[in-house]
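Below: the structure, in structure tokens.
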Amino acid sequence: MRVGQNPAKFIDHVSQPQAITVAVIVYIPFLHGYYAQSLEVLKTCLESLWQNTPQRYDLLVFDNASCPEVRTYLQEMHEQECIQYLVLSGKNVGKGGGWNLIFQGAPGRIIAYADSDVYFYPGWLEKSLEILEKFPKVGMVTSRPLRTPEIYYSATQAWAEQTPGVILERGSFMSWENYKEHTDSLGIPTDQAQVLFDSTFDQRISYNGGQAQMGAAHFQFIAYKTVLSALDSFKMDRPMGQVRSLDSQLNEAGYLRLSTMERLVKHMGNSLDNPLDNQPASLSKQASNQNSGVNAPQLSRRSSRRGIGWRLRNVPPIRRGLLWLYDRIFRLYYSG
């Protein structure tokens, strides 16, 4: 028997979600080895989002069974209303599992996804939204130019070549510095990156008053929820890898995969060794202090002191040996 009436019956208004949901997947199982700086990288990611995103949005964080220190931080940010939706998974369901939940459950009309090691510069969302709105049938927009395999944006290329009014240009529009910044974050040696840079090119398209580069990346993008929620469920049997299925599905469905012409996000990787204050000149005059009404923590400056230990560990033979040894240890304790 019920005693009394539920007080919720007398509430005549509840908060409505914002049109944009920014979604971040976090997986930091421990704070040593490869993940030694990952909590600081996560904090830097979220702080840059709060500081450099004046548009109204809701932040959804999906934690993929991280260690207690990471969960404590996320719960503190949720209690301070810096994170509007916090999902704590009891087991690691991989990026595919996180995407399945986000793409179906995000409350916003637009989903802005990012890995937890992305740094946001001023203007990232504004410039990405312009492309999303000016080009037809857009599948995803990444907030920095990239040279990705043409096989994953063949539909974009076909559309550009067949559509009247489209201006298609091929050449080297991206600077070596921007290209190298991204390959450094992926652990690609400079000599290999130089070969790739010299042997590839950019494809730029102009249409309906907008301009974008062909290609996008699954580490950061914005898209309409209706597009993402219609994709087949991601069934991945490993926590990482296999993420190209997102790129393939969108391309095979005929969606455009595009990126901004300016570098408006940075992939930090697992380290804060590289400086983060070199914002694009056109956007660095005044980073907005506004956000979606949240009192977010202030971004602290972090200096990096590279001593002899840092130099030694990055000598190619030593680096390869140490990474091989770490990989063996990681597989011993954390694979199956």
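In terms of the numbering used here, the sequence shown has 359 at position 1, counting the first letter as 1, and numbering is strictly consecutive. Ideal placement from N, C-alpha and C gives every residue a C-beta, glycine not left out.
According to DSSP, residues forming a beta bridge with Met-498: Arg-615
Counted within 10 angstroms of its Cβ, other Cβ atoms place Val-451 as buried (16 or more) or exposed: When all chains shown are included, Val-451 counts as buried.
For Asp-421, the three-state DSSP class (helix, strand or coil): Asp-421: strand per DSSP, three-state reduction.
Beta-carbon separation (whole angstroms), Phe-461 vs Ser-587, contact threshold 8 Å: In this structure Phe-461 touches Ser-587 by the C-beta definition: roughly 5 Å separates them, less than 8 Å.
Limits of the unbroken beta strand (DSSP E) element including Gln-438: Looking at the DSSP string, Gln-438 is not in any beta strand (DSSP E), and its letter there is neither H nor E.
Exposure of Asn-566, with buried meaning 16 or more beta-carbon neighbours within 10 Å: With fewer than 16 other beta carbons inside 10 angstroms of its own, Asn-566 counts as exposed.
Beta-carbon proximity list for Gln-515, same chain, < 8 Å, skipping 5 on both sides: Glu-508, Gln-561, Met-572
Rounded C-alpha distance that separates Gly-627 from Ser-447: 23 Å
Residue span of the alpha helix (DSSP H) that contains Gln-569, given as start and end: Segment 568-572 is the beta strand (DSSP E) holding Gln-569; no alpha helix (DSSP H) there.
Nearest neighbour of Thr-558, chosen from Ser-543, Glu-434, Ser-533 [CA to CA]: Ser-533
For Tyr-477: DSSP bridge partner residues: Lys-624
Beta-bridge partners of Ala-588, as assigned by DSSP: Ala-588 pairs with nothing; no bridge assigned.
DSSP three-state assignment for Ser-447, whether helix, strand or coil: The answer is coil: DSSP assigns Ser-447 none of H, G, I, E or B.
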